[in-house]
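A quick write-up on the structure given underneath.
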Amino acid sequence: DSGVTQTPKHLITATGQRVTLRCSPRSGDLSVYWYQQSLDQGLQFLIQYYNGEERAKGNILERFSAQQFPDLHSELNLSSLELGDSALYFCASSVGASSNEQFFGPGTRLTVL
Amino acid sequence: EDQVTQSPEALRLQEGESSSLNCSYTVSGLRGLFWYRQDPGKGPEFLFTLYSAGEEKEKERLKATLTKKESFLHITAPKPEDSATYLCAVQARSGTSYGKLTFGQGTILTVHP
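Read top to bottom, the protein sequences are chains A and B.
Just add 8 to the spot in the first sequence (first one is 1) and you have my numbering.
Just add 551 to the spot in the second sequence (first one is 1) and you have my numbering.
Here it is, written out as structure tokens:
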């Protein structure tokens with residue numbers, strides 16, 4: 009158990025819908041990262057927040073957005089969902105903004121029908 | 552653009568048969584190289600961080616080494632419970648990347664009893 013929690017574990021929804029994934033980092037960690045894992049693309053970095061502020065952005069679609077709240081938990085919002093958005097979404101956390109080990113949560117499996 | 556290539560894609564070993572996994576990388580200034588283990592349907596589990604060429608780290612039957620262009624994960628006398636996907640990732644020094652990890656596609660290791 010890494011200490012990072014994610015909810016829900018599974019999510020099944022329809023195309024065009026909007027969903028919110030939630031992540032709570034390990035106690036004491038200030039950075040939260042979101043990654044997407046699909047069979048063909050592997051693990052892809054989406055976005056990083058550090059102490060409430062956006063720090064780095066990867067290939068995150070405009071339909072996706074994220075935020076980190078004052079209690080340091082984070083939410084990833086996915087809208088206008090498409091079949092290709094079906095994937096495992098992982099949250100990770102680390103103590104600092106960079107050069108620290110990232111600890112991953114158990115993931116949310118999103119299925120878009 | 553940072554790139555990570557892992558080989559082989561899949562590796563089947565007999566219990567006790569030692570071997571190595573390879574991770575080749577190109578990055579604009581290496582901040583750190585990370586090894587993770589991932590079991591099916593679960594989040595990546597942190598194993599090692601290497602920061603400079605010549606560095607080595609060990610944990611039980613695993614030993615990770617780093618050169619300027621690649622990293623190796625040596626598995627000595629593996630057991631069936633070592634079966635998993637092993638992921639390699641790099642973190643760059645460049646200013647806008649901060650904590651972003653770039654992952655390889657992974658090596659699927661199967662150890663037969």
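Built from N, CA and C at the ideal position, the CB exists for glycine as well.
Note that this is a predicted model, so its numbers are computed, not measured.
Going along chain B in order, which residues have a C-beta closer than 8 Å to the C-beta of residue 73(A)?
-> Within the first sequence, residue 73(A) is the residue found at index 65, counting from 1. Residues of chain B passing the Cβ test: none, with the nearest at roughly 18 Å.
Check distances from the C-beta atoms of the region 36 to 47 of chain A to those of chain B and list, in chain order, the residues that come in under 7 Å.
-> 39 and 41
How would you label residue 63(A), buried or exposed, when you count the other beta carbons within 10 angstroms and need 16 or more for buried?
-> For the purposes of this step, residue 63(A) is taken as the residue at position 55 of the first sequence. The residue is buried, with at least 16 neighbouring Cβ atoms inside 10 Å.
So is residue 559(B) in contact with chain A if we call contact Cβ pairs under 8 Å?
-> Locating residue 559(B) in the second sequence gives position 8, where the first residue counts as 1. Residue 559(B) has a beta carbon lying at 8 Å or more from every beta carbon in chain A.
With residue 84(A) and residue 97(A) assumed to form a contact (beta carbons below 8 Å), what rounded beta-carbon distance in angstroms separates them?
-> Here residue 84(A) refers to the residue found at position 76 of the first sequence. Here residue 97(A) refers to the residue found at position 89 of the first sequence. With a Cβ gap of about 6 Å, residue 84(A) and residue 97(A) count as contacting.
Would you kindly work out how many angstroms separate the C-alpha atoms of residue 53(A) and residue 604(B), rounded to a whole number?
-> Taking the first residue of the first sequence as position 1, residue 53(A) is located at position 45. Taking the first residue of the second sequence as position 1, residue 604(B) is located at position 53. If you take the alpha carbons of residue 53(A) and residue 604(B), they lie about 25 Å apart.
Would you check if the distance between the CB atom of residue 594(B) and the CB atom of residue 82(A) is smaller than 8 Å?
-> The residue given as residue 594(B) occupies position 43 in the second sequence. The residue given as residue 82(A) occupies position 74 in the first sequence. Cβ distance not < 8 Å, so residue 594(B) and residue 82(A) don't count as in contact.
Enumerate, from N- to C-terminal direction, the unbroken beta strand (DSSP E) stretches of 3 or more residues contained entirely within the region 572 to 626 of chain B.
-> 581 to 589, 596 to 601, 607 to 610, 613 to 617 and 621 to 626
Would you please state the rounded distance, in angstroms, between the beta carbons of residue 502(B) and residue 583(B)? I believe it to be under 8 Å.
-> Lying before the first or after the last residue shown, residue 502(B) is absent from chain B, which here runs from 552 to 664.
Measuring CA to CA, which of 14(A), 13(A) and 18(A) is closest to residue 117(A)?
-> For this step, residue 117(A) is matched to residue 109 along the first sequence. The shortest C-alpha to C-alpha distance from residue 117(A) to any of 14(A), 13(A) and 18(A) is the one to 18(A).
Residue span of the beta strand (DSSP E) that contains residue 85(A), given as start and end = Within the first sequence, the letter at position 77 stands for residue 85(A). Here the beta strand (DSSP E) through residue 85(A) covers 82 to 86.
Mind pulling the chain B residues with CB within less than 7 Å of residue 111(A)?
-> Position 103 of the first sequence holds residue 111(A). In chain order: 597.
Among residues of its own chain, excluding the 5 on either side of residue 652(B), which ones have a beta-carbon nearer than 6 Å to its beta-carbon?
-> Taking the first residue of the second sequence as position 1, residue 652(B) is located at position 101. Excluding positions up to five away in sequence, the list reads 640 and 642.
Can you round the beta-carbon distance between residue 615(B) and residue 567(B) to whole angstroms, since I take them to be within the 8 Å contact cut?
-> Counted from its first residue, the second sequence places residue 615(B) at position 64. Counted from its first residue, the second sequence places residue 567(B) at position 16. No, residue 615(B) and residue 567(B) are not in contact; Cβ-Cβ is about 20 Å, not under 8 Å.
Return the chain-ordered list of same chain residues with a C-beta closer than 7 Å to the C-beta of residue 44(A), the five sequence neighbours on each side being excluded.
-> Stepping through the first sequence from its first residue, residue 44(A) is reached at position 36. 52, 54, 95 and 97, listed in sequence order.
Cutoff 8 Å: residue 50(A) Cβ touching any chain B Cβ | For the purposes of this step, residue 50(A) is taken as residue 42 along the first sequence, with counting starting at 1. Chain B contact via Cβ: present.
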